[in-house]
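Below is one structure, written out as C-alpha cells; the observations come after it.
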Amino acid sequence: MRAFVFAAFALAFLTFGAASASAQYVDIYRINQIAKDVSDEQILSGIAGHLGVSADVLKKEKADHNLSFGELYFAHQLAKAAKSDLKTVVSEFRSGKVWGIIAKEKNVNIDEISKDARQLETALKKSRRDP
5 MRAFVFAAFA
15 LAFLTFGAAS
25 ASAQYVDIYR
35 INQIAKDVSD
45 EQILSGIAGH
55 LGVSADVLKK
65 EKADHNLSFG
75 ELYFAHQLAK
85 AAKSDLKTVV
95 SEFRSGKVWG
105 IIAKEKNVNI
115 DEISKDARQL
125 ETALKKSRRD
135 P
C-alpha cells in the first residue's frame, strides 16, 4: 500500500508539478492531524458546517468508503465543484487515480479547494482551542 501511495504521488508530481501535486495531500494531512486532537464528533461537526452536509451523513460516508477525515472533506469538495456525486469521486480515487488527476479530468480548480481547506483548518483549530 505504501508503494502504491508513493507511486501515485510520483505520478501526480510528474503530471502537475510539485506545488499542484502536493497541495491536496498537504490539505488532507493537515485536516487529519487536527482530527487527532479532537473528538470525532467535533471534527464531523466542523466539516459538516463547512460543507453544509449533516454530521450523521458524513459519519456514514466515512465508514462506508473507508476515508480519513481529510479525504472525506476533499472528496466532498471535489464532487461539489465537479457537479458530481461523492460515490463517483471516491470510486475514481479507489481505482488508483490521484486527486489531482480526478480534478483535472473534471475541470476543477484544485486551488479553490485548497483555499477552502485552509479556511476549514482555521475554523477547526479555533474550535480546538475553545472550551
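Residues 5 to 135 in this note's numbering are what the sequence shown spells out, letter by letter. Ideal Cβ placement from N, Cα and C applies to all residues, glycine included. Predicted model, so just to flag it, every value in this text is computed and none were measured.
Going by DSSP, D68 is part of the alpha helix (DSSP H) stretching over A59 to H69. Secondary structure at N36: helix, using DSSP grouped into helix, strand and coil.
The C-alpha of V42 lies about 9 Å from the C-alpha of L128. Take A39, set aside five residues on each side of it, and the residues of its chain with a beta-carbon closer than 6 Å to its own are I47 and F73, in chain order. Residue state for V42 is assigned as coil, using DSSP reduced to three classes.
A straight-line Cα-Cα distance of about 10 Å links Q81 and A107. When the beta-carbon positions are compared, W103 and I51 stay at least 9 Å from each other. When DSSP states are grouped into helix, strand and coil, K84 belongs to the helix group. Burial is judged here by how many other beta carbons sit within 10 angstroms of a residue's own beta carbon; A67 has fewer than 16 and is exposed.
The Cβ neighbour count for E96, taken over all protein chains shown within 10 Å, is at least 16; the residue is labelled buried.
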